């Protein structure tokens with residue numbers, strides 16, 4: 009289809025650009041424009057060249073989808089809310105997770121709304137259904153993963169709200185990293201390097217109701233050590249006392265001191281790092297360290313060996329699960345545990361020869 013100067017003038021002077029205008033500019037059928045711009049699942053049958061012509065024409069004309077018309081036609085808002093706690097310790101939203109959510113929603117022409125609600129609001133009857141109506145949301149991604157109010161869980165079930173839990177272990181409808189397996193991977197990595205005296209350190213979590221990952225990472229490590237016929241060493245706040253540096257110093261000068269340490273998180277290493285430096289122990293020559301996190305970071309100005317949380321993948325999976333819940337709110341979807349990846353840095357190395365000699369090669 010040829011675009012005449014009259015067509016261009018007519019389109020350029022209109023206040024509201026429609027799909028018909030885009031079809032005219034792109035030289036394609038109106039139905040193709042509708043499929044592409046509405047993000048329909050059936051768009052797979054449209055060639056990439058046609059899709060590009062349509063999107064370029066829409067951009068040139070300044071086309072904006074009529075949200076109200078779309079809602080009336082489909083019965084959906086095309087929007088999902090992510091629920092966060094105003095307390096930093098109860099929600100976890102690293103950039104890779106946010107990017108995964110954004111990209112997956114963008115693929116289906118949906119948007120993301122942020123919401124912060126405290127316990128007092130979440131425990132009020134009808135708060136969540138009212139929020140979804142007022143903010144025009146089709147479903148709820150819940151990034152509220154520590155000390156979750158039971159009335160909030162009850163409200164979601166009672167009102168059959170399409171909801172998916174992120175970074176939280178629930179009986180159904182949840183996506184979370186596989187922390188147990190990640191701790192197994194970390195321990196196996198050190199075992200393969202010849203280490204047999206491996207400590208697990210967690211000075212980050214308090215014993216009263218910690219996040220599930222605190223349990224799973226510790227259990228994954230101890231299970232792997234026991235399977236190898238070795239004795240786990242677990243250092244936690246409740247057993248370390250008030251002076252963590254002195255505690256770590258005592259452990260690092262002991263006859264059976266660890267030659268490697270796995271930390272719950274990178275920020276759990278502060279006391280250990282200070283104690284090791286005070287004793288003149290170098291990483292990784294005298295002590296290997298491994299940790300977990302959303303991306304590889306440095307330890308003493310060197311890339312750290314880390315188990316990388318699959319946050320981007322979790323965002324994608326949570327979005328896919330959310331779309332299924334929107335279609336069938338009553339369905340219970342099995343939990344999805346996402347695997348970490350091992351990024352080997354410069355903080356882990358084979359067991360030092362002098363340590364091997366000291367412990368008799370065991």
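Residue numbers (our numbering): 9 to 370.
The beta carbon of each residue, even a glycine, is placed where N, CA and C say it ideally should be.
Bear in mind the structure is a predicted one, so any value in this text is a computation, not a measurement.
Distance cut-off 6 angstroms: residue i Cβ against heavy atoms of the ligand GTP
| i | result |
| --- | --- |
| residue 348 | Questions concerning the ligand GTP fall outside what the structure shown contains, since it holds no ligand whatsoever. |
Environment of residue i [buried if 16+ CB atoms lie within 10 Å]
| i | result |
| --- | --- |
| residue 152 | buried |
| residue 309 | exposed |
| residue 342 | exposed |
| residue 29 | buried |
| residue 36 | buried |
| residue 44 | buried |
| residue 86 | buried |
| residue 76 | Because the pLDDT at residue 76 is just 48, under 50, the model does not fix this residue reliably, and the value given afterwards should be weighed accordingly. Exposed. |
| residue 94 | exposed |
| residue 213 | buried |
| residue 215 | exposed |
| residue 236 | exposed |
| residue 80 | Interpretation of residue 80 is limited by its pLDDT of 42, a score under 50 that renders its predicted location unreliable; the figure taken from the coordinates is listed afterwards. Exposed: under 16 other Cβ atoms inside 10 Å. |
| residue 317 | buried |
| residue 166 | exposed |
| residue 38 | exposed |
| residue 340 | exposed |
| residue 103 | exposed |
Rounded Cβ spacing between residue i and residue j (contact assumed at less than 8 angstroms)
| i | j | result |
| --- | --- | --- |
| residue 323 | residue 105 | 5 angstroms |
| residue 272 | residue 209 | 7 angstroms |
| residue 371 | residue 269 | This structure does not reach residue 371, given that the chain is present from 9 up to 370, and the question cannot be answered. |
| residue 169 | residue 198 | 44 angstroms between Cβ atoms; not a contact. |
| residue 97 | residue 154 | 6 angstroms |
| residue 287 | residue 257 | 7 angstroms |
| residue 54 | residue 40 | 6 angstroms |
| residue 267 | residue 205 | 5 angstroms |
| residue 225 | residue 277 | Not quite, the Cβ-Cβ distance comes to about 14 angstroms (not below 8 angstroms), so this is no contact. |
| residue 228 | residue 187 | 7 angstroms |
| residue 358 | residue 202 | 5 angstroms |
| residue 325 | residue 346 | 6 angstroms |
Nearest candidate by alpha-carbon position, reference residue i, set the options
| i | options | result |
| --- | --- | --- |
| residue 172 | 42, 345, 64, 330 | 330 |
| residue 320 | 110, 35, 59 | 110 |
| residue 89 | 145, 205, 220, 185 | 145 |
| residue 31 | 64, 53, 262 | 64 |
| residue 46 | 226, 165, 115, 33 | 115 |
| residue 315 | 190, 340, 100 | 190 |
| residue 132 | 317, 340, 160, 24 | 160 |
| residue 332 | 147, 232, 167 | 147 |
| residue 158 | 228, 185, 130 | 130 |
| residue 337 | 325, 112, 164, 67 | 164 |
| residue 274 | 211, 167, 162, 218 | 211 |
| residue 264 | 101, 293, 138, 207 | 207 |
| residue 34 | 62, 334, 100 | 62 |
| residue 223 | 334, 176, 128 | 176 |
Discussion item. Does the contact criterion of 3 or more C-beta pairs under 8 angstroms hold for the segment 249-258 versus the segment 280-292?
Written reply: The answer is yes - the segment 280-292 touches the segment 249-258, with three or more Cβ pairs under 8 angstroms.
Discussion item. I'd like to know if the segment 101-121 and the segment 180-195 are in contact, where contact means that at least 3 CB-CB pairs between them fall below 8 angstroms.
Written reply: Taking one beta carbon from each stretch, the segment 101-121 and the segment 180-195 have fewer than 3 pairs nearer than 8 angstroms; the two do not touch.
Practice prompt. Write down every uninterrupted run of the beta strand (DSSP E) in the segment 182-253 whose length is 3 residues or greater and which is fully enclosed by it, in chain order.
Written response: Counting only runs of 3 or more, we get 182-185, 206-210, 241-244.
Worksheet item: Does the segment 301-308 come close enough to the segment 238-245 to have 3 or more Cβ pairs within less than 8 angstroms?
Response: Short answer: they don't touch.
Worksheet item: At what residue ranges does the segment 310-345 contain a whole run of the beta strand (DSSP E), taking only runs of 3 or more?
Response: Whole beta strand (DSSP E) segments, 3+ residues: 313-316.
Fill in: Segment contact, 8 angstroms Cβ cut-off, at least three pairs: the segment 191-203 with the segment 345-357
The segment 191-203, when compared against the segment 345-357, does touch it at the 8 angstroms Cβ threshold.
Discussion item. Suppose only complete runs of 3+ residues qualify. What are the beta strand (DSSP E) ranges in the segment 271-305, listed by chain order?
Written reply: Taking 3 residues as the minimum length, the beta strand (DSSP E) runs contained wholly in the segment 271-305 are 296-301, in order along the chain.
Worksheet entry | Start-end ranges of the beta strand (DSSP E) lying completely within the segment 107-187, minimum 3 residues | List check, beta strand (DSSP E) in window: 119-124, 147-151, 171-174, 182-185.
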